[in-house]
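Quick note, the sequence shown lines up with residues 229 to 332 if you use my numbering.
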Amino acid sequence: MSQLVSTSLSTQDQFRMDQIISLNQLAKNYEGKVYFLSGKRNIVDVSKFPSLITFFLMSTGSKQIKVLIDGKNPGAILTEMDAICSTESRFTSNILNTAEKVKV
């Protein structure tokens, strides 16, 4: 059964590009629709990447984003969105082999 859920997302910093891409992929794989609203006239379908980028470029001053989710099991996608939107940086480290020579 499809449900419509509305919630607010508060941000302290601007979204990083990896977060925007992850949100876009999450919305594309979701069996429903996810929308972001900011202000009175800014609304975007999160599954449409160019529109999502424009939305974040145009709403840089907004700290409150309203999230509308229309689909099955909206609680699960909210949990995933919360994990993506956390401000922790995700760094991976790789050990370099010092014996290898690289031409730059």
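Glycine included, every Cβ here is placed at the ideal spot set by N, Cα and C. Source: prediction; values computed, not measured.
Nonlocal neighbours in the same chain, by C-beta distance under 6 Å from residue 259, ignoring five residues either side
Sequence-distant Cβ neighbours of residue 259 in its own chain, meaning closer than 6 Å and more than five residues away, are 299 and 300.
Residue 308 to residue 268 span [Cα, whole Å]:
26 Å
Member of 243, 292 and 311 whose CA lies at the smallest distance from the CA of residue 235:
For the options 243, 292 and 311, the alpha carbon positioned closest to that of residue 235 is the one of 292.
In chain order, what residues of the same chain have a beta carbon less than 7 Å from the beta carbon of residue 279, not counting five sequence neighbours either side?
272 and 273
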